[in-house]
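The block underneath contains the structure these notes are about, expressed in structure tokens.
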Ligand code: ADP
Ligand code: MG
């Protein structure tokens with residue numbers, strides 16, 4: 001298996017007459033952390049949703065871990081189990097305990113038995129520092145804790161790559177650090193990650209590569225110290241001037 005985990009080529013996505021992605025090329029190697037920054041409406045979420053096939057691309061090609069997701073004959077559900085996704089709005093199952101949030105897809109999709117699913121769940125709860133919340137209900141947790149449970153739930157499926165769509169944007173400022181800390185730890189462990197974020201400090205410190213998107217294009221791409229520290233394009237410069 002090659003070292004390329006995600007390969008996006010010429011990706012286009014339109015909603016009716018609105019062309020949102022206009023030809024995106026993106027490649028993420030095993031163990032890489034790639035951060036995507038850019039203004040609201042530039043197509044960042046649509047890009048992630050296409051990589052997870054929550055949206056059907058209008059054109060182009062997406063290959064994840066050797067499987068072409070854009071092949072009409074692909075088994076989408078099987079392919080999707082290898083892609084973890086964490087959203088801005090945690091999306092936990094509110095009627096299920098933390099433990100059951102982490103075991104339900106393992107049992108239904110991966111066909112793990114109860115004991116095995118529970119072991120994996122407990123291991124991943126420990127990874128995000130929430131072993132003591134195993135029997136809690138989501139509404140008993142802070143936003144930051146819920147987001148860490150959502151990360152543990154995604155990890156419990158043993159994904160090849162984790163996609164994060166502004167995972168800290170909905171959190172109170174004092175809770176952001178814990179979630180970023182968990183993401184930093186995953187990066188250190190070698191997880192392959194594609195992260196849409198407005199946390200420029202995180203991007204600077206953790207990303208192997210930063211992509212700046214605007215108007216459905218990747219305008220600028222490179223190491224963080226280059227794209228955030230010394231942006232070349234006027235649009236990147238004016239975006240950073242607004243957020244930094
Ligand atoms: P970002 O995440 O960078 O803020 P999005 O990918 O969410 O941007 O949105 C890019 C553009 O696509 C916006 O103009 C948005 O209104 C539009 N868009 C996103 N999803 C849909 C949809 N399901 N139907 C119609 N338009 C959409
Ligand atoms: Mg978005």
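Numbering (full-length UniProt numbering), first residue to last: 1 to 244. Every residue, glycine too, gets a C-beta built ideally from N, C-alpha and C. Being a predicted model, the structure only gives us computed values, none of them experimental.
For residue i and residue j, which I take to be in contact (beta-carbon distance under 8 Å), what is that distance rounded to the nearest angstrom?
| i | j | result |
| --- | --- | --- |
| residue 133 | residue 145 | 6 Å |
| residue 50 | residue 207 | That pair is no contact at about 21 Å. |
| residue 102 | residue 125 | 7 Å |
| residue 152 | residue 128 | 5 Å |
| residue 99 | residue 52 | About 25 Å; that fails the 8 Å criterion. |
| residue 57 | residue 12 | 7 Å |
| residue 230 | residue 204 | The Cβ separation is near 12 Å, so there is no contact. |
| residue 232 | residue 220 | 6 Å |
Can you pull the DSSP bridge partners for residue i?
| i | result |
| --- | --- |
| residue 214 | 217 |
| residue 67 | 64 |
| residue 205 | Paired residue(s): none; residue 205 is not in a bridge. |
| residue 25 | DSSP, once it has assigned bridges, lists no residue as partnering residue 25. |
| residue 165 | 196 |
| residue 15 | 18 |
| residue 4 | 29 |
Is the beta carbon of residue j closer than 8 Å to that of residue i?
| i | j | result |
| --- | --- | --- |
| residue 193 | residue 213 | no |
| residue 81 | residue 109 | yes |
| residue 131 | residue 175 | no |
| residue 8 | residue 160 | no |
| residue 246 | residue 157 | Limits of the chain in this structure are 1 at one end and 244 at the other, which puts residue 246 out of reach. |
| residue 227 | residue 243 | no |
| residue 39 | residue 88 | no |
| residue 69 | residue 196 | no |
| residue 42 | residue 222 | no |
| residue 198 | residue 238 | no |
| residue 60 | residue 10 | yes |
| residue 96 | residue 86 | no |
| residue 181 | residue 31 | no |
Applying the 10 Å Cβ sphere with the 16-neighbour rule, what's the burial state of residue i?
| i | result |
| --- | --- |
| residue 115 | exposed |
| residue 26 | buried |
| residue 241 | exposed |
| residue 65 | buried |
| residue 83 | buried |
| residue 45 | buried |
| residue 24 | buried |
| residue 111 | exposed |
| residue 21 | buried |
| residue 78 | exposed |
| residue 188 | exposed |
| residue 90 | buried |
| residue 94 | exposed |
| residue 62 | buried |
| residue 18 | exposed |
| residue 76 | exposed |
| residue 165 | buried |
Give a single yes or no on whether residue i has its beta carbon closer than 7 Å to a heavy atom of the ligand ADP.
| i | result |
| --- | --- |
| residue 18 | yes |
| residue 246 | The first residue shown for the chain is 1 and the last is 244, placing residue 246 beyond what the model contains. |
| residue 169 | no |
| residue 190 | no |
| residue 41 | yes |
| residue 38 | yes |
State yes or no: is the C-beta of residue i nearer than 7 Å to some heavy atom of the ligand MG?
| i | result |
| --- | --- |
| residue 13 | no |
| residue 165 | yes |
| residue 120 | no |
| residue 45 | yes |
| residue 196 | yes |
Check whether chain B comes within 8 Å of residue i, counting only Cβ atoms and requiring the distance to be less than that.
| i | result |
| --- | --- |
| residue 231 | In summary, chain B is missing from the structure at hand, where a single protein chain is found. |
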